[in-house]
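Residue numbers (the numbering used here): 1 to 543.
All C-beta atoms, glycine included, are put in the ideal place defined by N, C-alpha and C.
Note sheet for the following structure.
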Ligand code: PEP
Ligand code: MG
């Protein structure tokens, strides 16, 4: 048995087989082929098909994001037509009598290494492009390992780190737990684990080259320990505790259907955070009163192109209908920083968390924004939908948003498309927004405090940097005072203020939040009932 101490980001115990996720390790097999000419034709056909895809992507991007941003697809088309690249692939197929997948993967490795070694920064950046185009050809060839994150039975995933775009592709039914070597407590991978309600550890110093798929492991999400091949005694102890936790969960289920009211009669809205439709089951099981944060950007991640208005409408409509009149607050896309989508064509940034992200993208590329707003407005006819805008830091931003939303309303009205005007709220997650919350409150219907970002921007600590964990303190007095200020200014303007960042689920602070006048807490579905228990036991007069 080997033990590794990590940091727990969600409690609970998982026991099962492990799956070691090795990033960038495409498992392309080298196989001999008899029909070399046939293999060359397979390659050419795949290349042409990839070229066609890129042409389509270029046309679409041209309309949606303008010429400068669409240019990347033309560059990829040029690279795919490059003689040296093609000759290399064909030469490998011919001289070694091997499959096209292997030839493409080898060429990709060789060329990207060559580019990476060049002095010129522009040329170095082409290394990623070569990998990208090769990836596309491999996908067409069917040699893609795009399915490497799907499993036949539930597994414990062991990875160096997981990007949000990778986590969204997971078949969530098949994940017992996550364990990563890197990552931070407030990364979106950790948030996703909490939403799924599964044990998760980060910063676990396990040697991935030693761990093997199928090995039995146990994850203790309370102590933060990963056990590889646990001995019988440890396994039995963990199974007993798993049983106890199950019993506790059963007890909490008795709180389903109860109102969230304190002893002295204060009622609080207790909502759930979700990342996609699959989380709705957990929302129901945990009896959340609504959805306080639907991170819509997860719809955009893990795919090759923008989701259409119709695709988005269907998702939002399903969520609104399923929640049957309960509030559904959908946040407009918060792409950027750690949530990168290649097709947005956001270049390399020195400081991505302070860069082109969230509402800034929407305001700079209104066509993308309008597509989402149209889908949201249309879905509003099917339930109690509210829209929430992330990363606001200026008054003019919300005014401009309202102008764009008005245009959307007018377009829909002109074409006689049904909608019910959704409530409009903003996230308070920059110190600037806190400081001008008095003015902002007059412009919107509600505030939702994003403590994850508010902490990083207030304390100047990158939420993605594990080295800085000791400095990332979401309950720092500065953050707590900002929450108080935001709530007070919201109330002065007659609107409500909630918390949808991870701090909202910290049960040691629930009483304080209630005393501060916080009106809503939106947390991962698994945290709803534990919070309800505390609310029911609290008397704010004695805090
Ligand atoms: C936050 O910043 O607190 C928040 C809820 O948004 P996200 O974690 O998705 O950035
Ligand atoms: Mg945020």
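- Straight through space, the alpha carbons of residue 426 and residue 399 are spaced by roughly 12 Å.
- In this structure, the straight-line span from the alpha carbon of residue 262 to that of residue 537 is close to 7 Å.
- A direct Cα-to-Cα measurement between residue 38 and residue 109 gives close to 24 Å.
- Residue pairing by DSSP puts residue 177 in a beta bridge opposite 156.
- Just measuring C-alpha positions, the residue of 446, 445, 472 sitting nearest residue 457 is 472.
- Residues 497, 517 of the same chain have their beta carbon placed closer than 8 Å to that of residue 491, with the five preceding and five following residues left out of the count.
- Between residue 28 and residue 200, the C-beta gap is not smaller than 8 Å, which leaves the two residues out of contact.
- Annotation for residue 507: 530, 531, 534 place their beta carbon closer than 7 Å to its own, counting only its chain and skipping 5 residues before and after.
- Contact annotation: the segment 352-362 does not touch the segment 316-323, with fewer than three C-beta pairs closer than 8 Å.
- Excluding residues up to 5 positions away in sequence, 451, 474 lie with their Cβ nearer than 6 Å to the Cβ of residue 503 in the same chain.
- Cα atoms of residue 59 and residue 49: separation of roughly 16 Å, rounded to the nearest angstrom.
- If you check the CB distance, residue 15 and residue 239 come in under 8 Å.
- A direct Cα-to-Cα measurement between residue 335 and residue 541 gives close to 42 Å.
- The straight-line gap separating the alpha-carbon atoms of residue 161 and residue 215 is approximately 20 Å.
- Per the DSSP secondary-structure output, residue 201 pairs in a beta bridge with 8, 179.
- Separation of the CB atoms of residue 157 and residue 185 is rounded to 17 Å, and the pair is thereby denied contact status at 8 Å.
- Using a Cβ distance threshold of 8 Å, residue 21 and residue 100 do not count as a contacting pair.
- In the displayed model, residue 448 falls within a strand according to three-state DSSP.
- Annotated three-state conformation of residue 485 is helix, per DSSP.
- Using a cutoff of 7 Å, the CB of residue 431 does not count as near the ligand MG, since none of the ligand's heavy atoms is closer than that.
- Annotation: residue 268 to residue 448 spans about 14 Å, alpha carbon to alpha carbon.
- Excluding the 5 residues flanking it on each side, residue 430 has same chain C-beta neighbours closer than 8 Å at 391, 392, 393, 453, 454, 457, in chain order.
- Taking 8 Å as the cut-off, the beta carbon of residue 229 is found closer than this to the beta carbon of residue 2.
- Cβ neighbours of residue 468 within its own chain (closer than 7 Å, five residues either side excluded): 461, 462.
- The segment 272-283 and the segment 293-300 touch, with three or more beta-carbon pairs separated by less than 8 Å.
- Residue 363 has its alpha-carbon roughly 40 Å from the corresponding atom of residue 83.
- The count of Cβ pairs closer than 8 Å, one atom from the segment 297-306 and one from the segment 345-355, stays below three, leaving the stretches out of contact.
- Each residue's CA atom was taken as its position, placing residue 464 and residue 351 some 12 Å apart.
- A residue is called buried when at least 16 other Cβ atoms come within 10 angstroms of its Cβ; residue 482 meets this threshold and is buried.
- Within the segment 321-373, the complete beta strand (DSSP E) runs of at least 3 residues fall at 327-331.
- Distance from residue 105 to residue 134 at the Cβ level is roughly 7 Å; contact confirmed, criterion being Cβ atoms closer than 8 Å.
- For the 8 Å CB-CB criterion, residue 299 and residue 312 form a contact.
- Per DSSP, residue 400 is not a residue of any beta strand (DSSP E); the alpha helix (DSSP H) it occupies stretches across 395-414.
- Cβ-Cβ distances below 8 Å link residue 90 to 40, 43, 103 in the same chain, with the five nearest sequence neighbours on each side left out; the list follows chain order.
- Contact between residue 489 and residue 437 holds: CB atoms are separated by about 4 Å, below the 8 Å threshold.
- From the listed residues 218, 163, 440, the smallest Cα separation to residue 231 is found for 218.
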